[in-house]
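Heads up: the structure comes next, in structure tokens.
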Amino acid sequence: MSALHAFLAMGGYAIYVWPAYAVFFIVLIADTIAPGLRRRRVLRDLRARMARQTHRQQRSRTEHAANNPTVTSSSP
Amino acid sequence: MSTWIPLWLHKLSSPPTFYRFAGTLRPWAMALAMVFGVIALYGGLVLAPADYQQGDAYRIIFIHVPCAWMSMFVYAVMGVSALIALVWRIKLAEVVAMESAPIGAAFTFITLVTGSLWGKPMWGTWWTWDARLTSELVLLFLYLGVIGLYHSFEDRRQGARAAAFLALIGIINVPIVHFSVNWWNTLHQGSTVKLFGPSKIAWDMLWPLLAMTLATKFYYVASLFHRARTDLLALESGKDWVRQIAESEARP
Numbered sequence: 001m002s003a004l005h006a007f008l009a010m011g012g013y014a015i016y017v018w019p020a021y022a023v024f025f026i027v028l029i030a031d032t033i034a035p036g037l038r039r040r041r042v043l044r045d046l047r048a049r050m051a052r053q054t055h056r057q058q059r060s061r062t063e064h065a066a067n068n069p070t071v072t073s074s075s076p
Numbered sequence: 077m078s079t080w081i082p083l084w085l086h087k088l089s090s091p092p093t094f095y096r097f098a099g100t101l102r103p104w105a106m107a108l109a110m111v112f113g114v115i116a117l118y119g120g121l122v123l124a125p126a127d128y129q130q131g132d133a134y135r136i137i138f139i140h141v142p143c144a145w146m147s148m149f150v151y152a153v154m155g156v157s158a159l160i161a162l163v164w165r166i167k168l169a170e171v172v173a174m175e176s177a178p179i180g181a182a183f184t185f186i187t188l189v190t191g192s193l194w195g196k197p198m199w200g201t202w203w204t205w206d207a208r209l210t211s212e213l214v215l216l217f218l219y220l221g222v223i224g225l226y227h228s229f230e231d232r233r234q235g236a237r238a239a240a241f242l243a244l245i246g247i248i249n250v251p252i253v254h255f256s257v258n259w260w261n262t263l264h265q266g267s268t269v270k271l272f273g274p275s276k277i278a279w280d281m282l283w284p285l286l287a288m289t290l291a292t293k294f295y296y297v298a299s300l301f302h303r304a305r306t307d308l309l310a311l312e313s314g315k316d317w318v319r320q321i322a323e324s325e326a327r328p
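Protein sequence lines correspond, in order, to chains P and G. The opening position of the first sequence corresponds to residue 1 in our numbering, with each subsequent residue numbered one higher. The opening position of the second sequence corresponds to residue 77 in our numbering, with each subsequent residue numbered one higher.
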């Protein structure tokens, strides 16, 4: 039996040792990835809100100008 | 703010300052966690000899024990921040307390699963309702309770205060977990590594364990900083500094 085989066999306890290490890594990798995904979502939502806000401001400005022609065309 | 609190600490608790501070330190903490983690894995899985009674099954110790220590350490940090959050209403303390909970839950979950995988070959059972195992399971439920309570409120800061209160009451469970092996007759073995007095473990096995302990500590710092930064962005999303970050990251 090669050294690698002996290492992977873990003296017959491979079915207990390797799943334990797998759980350790899977849980911690998930814990590392999760905040990055949330961060992207938070910033995307904020950008959408900011875009809506500027859009609304522009529309209210143009509506205001359309309803009050004298105000905007007051130049001689 | 009281005068005995240093000015730099006061400044650091301001969200934009902490955001930048944590962003600078996080990669270093993660790198140290990786380095110590790889050293610990090599030392524990390859260099350390097999145990004379347990054979190679004991190698689960190199993740089980550091994660168990972290499950209590993170709870202590969460409890202290919860107290600060309740007394002084510092936003950063709320964030640290609430963002510690998922990391602590992750470590507690790993502790329970790896312990179960270790218990089957050594004790002959996956699970038993003994003092150490039960109190550790209660710790997991406390973490989940804090997370659940925090998210059940419409107002995040109100939720944080309610959850901080639960975290503070639950801290009573931490010494129970620690001393359970002395107070009750239990299947779980006592402490092998002691802060005071000689440890009952060979040096070849001890140093990978300590290296993994350092790795998990650095990992916690890195994960907490990442989570706290994200939470600050969400909490302060109306503020200018967050809008600037959102705009600057819109065009890559």
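In this text, a Cβ means the ideal position worked out from N, Cα and C, and glycines have one as well.
Contact belief for residue i with residue j at Cβ below 8 Å, rounded distance in angstroms
i	j	result
residue 285/G	residue 297/G	19 Å between Cβ atoms; not a contact.
residue 244/G	residue 168/G	So it is not a contact: roughly 17 Å between Cβ atoms.
residue 219/G	residue 184/G	6 Å
residue 173/G	residue 158/G	4 Å
residue 154/G	residue 180/G	6 Å
residue 95/G	residue 305/G	5 Å
residue 242/G	residue 91/G	Wrong, their Cβ atoms sit about 24 Å apart, outside the cutoff.
residue 229/G	residue 238/G	7 Å
Per-residue burial, residue i [other beta carbons within 10 Å of its own, 16 or more giving buried]
i	result
residue 85/G	exposed
residue 15/P	exposed
residue 25/P	exposed
residue 145/G	buried
residue 36/P	exposed
residue 292/G	buried
residue 324/G	exposed
residue 176/G	buried
residue 326/G	exposed
residue 23/P	buried
residue 266/G	exposed
residue 7/P	exposed
residue 178/G	buried
residue 289/G	buried
Chain G contact residues for residue i, given Cβ-Cβ distances below 9 Å
i	result
residue 32/P	106, 295, 298, 299, 302
residue 78/P	Nothing can be reported for residue 78/P, as the shown portion of chain P is limited to 1 through 76.
Interface partners of residue i on chain P, CB under 8 Å
i	result
residue 318/G	46
residue 197/G	13, 16
residue 168/G	Simply none; closest approach about 16 Å.
residue 312/G	Per Cβ cutoff of 8 Å: no residues; residue 312/G is ~10 Å from chain P at best.
Contacts that residue i makes with chain G (C-beta to C-beta distance below 8 Å)
i	result
residue 20/P	136, 139, 140, 189, 190, 193, 194
7 Å Cβ cut-off: residues of chain P touching residue i
i	result
residue 99/G	Simply none; closest approach about 11 Å.
residue 200/G	Ordered by position in chain P, no residue passes the 7 Å Cβ test against residue 200/G, which lies about 12 Å from the chain.
residue 185/G	27
residue 116/G	None at all; the shortest Cβ gap to chain P is about 11 Å.
Per-residue contacts from residue i into chain G (C-beta, under 7 Å)
i	result
residue 77/P	Examination of residue 77/P is not possible in this model, given that chain P is present from 1 through 76 alone.
Under 9 Å by beta carbon: chain P residues contacting residue i
i	result
residue 160/G	The contacting residues do not exist; residue 160/G stays about 22 Å from chain P at best.
Are the segment 144 to 154 of chain G and the segment 291 to 306 of chain G in contact at 8 Å, needing three or more beta carbon pairs?
yes
Quick check: the segment 314 to 323 of chain G against the segment 34 to 49 of chain P, are there 3 or more CB pairs under 8 Å?
yes
Taking a cut of 7 Å between CB atoms, which residues from the segment 205 to 237 of chain G lie near chain P?
none
Report yes or no: do the segment 204 to 222 of chain G and the segment 114 to 125 of chain G share at least 3 C-beta pairs separated by less than 8 Å?
no
Would you check if the segment 136 to 143 of chain G and the segment 177 to 192 of chain G touch, i.e. whether three or more CB-CB distances between them fall below 8 Å?
yes
How about the segment 238 to 255 of chain G and the segment 107 to 116 of chain G: do they share at least three Cβ pairs that are nearer than 8 Å?
no
Mind checking the segment 278 to 294 of chain G against chain P and listing, in chain order, the residues whose C-beta falls within less than 7 Å of any C-beta there?
none
Quick one, which residues of the segment 43 to 68 of chain P are near chain G if we go by CB-CB under 7 Å, in chain order?
43, 46, 47, 50
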